[in-house]
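Here's the structure, in structure tokens; my notes come after.
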Amino acid sequence: MQRIPVYGIQEWTSLFRHDLLGIESGMVECLNDDRVGRALDALFDSDRGSI
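The following block contains the structure:
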């Protein structure tokens, strides 16, 4: 596994309706590779069978 930054998160989310992603329109600027990485780490550590 490599740690490679995820670029273009804001541009990618602009392609979708924000309510489908669970974010408000004004929150798009808050999305970045660090935040998405932390969310993916939390998902990995969670009990995925109960999701």
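Taken in order, the sequence shown gives residues 1 to 51; the numbers are from full-length UniProt numbering.
Where is the CB? At the ideal position from N, CA and C, for every residue including glycine.
Helix, strand or coil, according to DSSP, for residue i in the structure here?
| i | result |
| --- | --- |
| Phe44 | helix |
| Arg35 | helix |
| Gly22 | coil |
| Val28 | helix |
Can you give me the start and stop residues for the alpha helix (DSSP H) that residue i sits inside?
| i | result |
| --- | --- |
| Glu11 | 9 to 13 |
Can you tell me the Cα-Cα spacing of residue i and residue j, whole angstroms?
| i | j | result |
| --- | --- | --- |
| Leu31 | Ser50 | 26 Å |
| Leu40 | His18 | 19 Å |
| Gly8 | Met27 | 15 Å |
| Arg38 | Asp45 | 11 Å |
| Asp34 | Ile4 | 11 Å |
Assuming residue i and residue j are in contact, meaning their beta carbons sit under 8 Å apart, how far apart are those beta carbons, in whole angstroms?
| i | j | result |
| --- | --- | --- |
| Gln10 | Glu29 | 7 Å |
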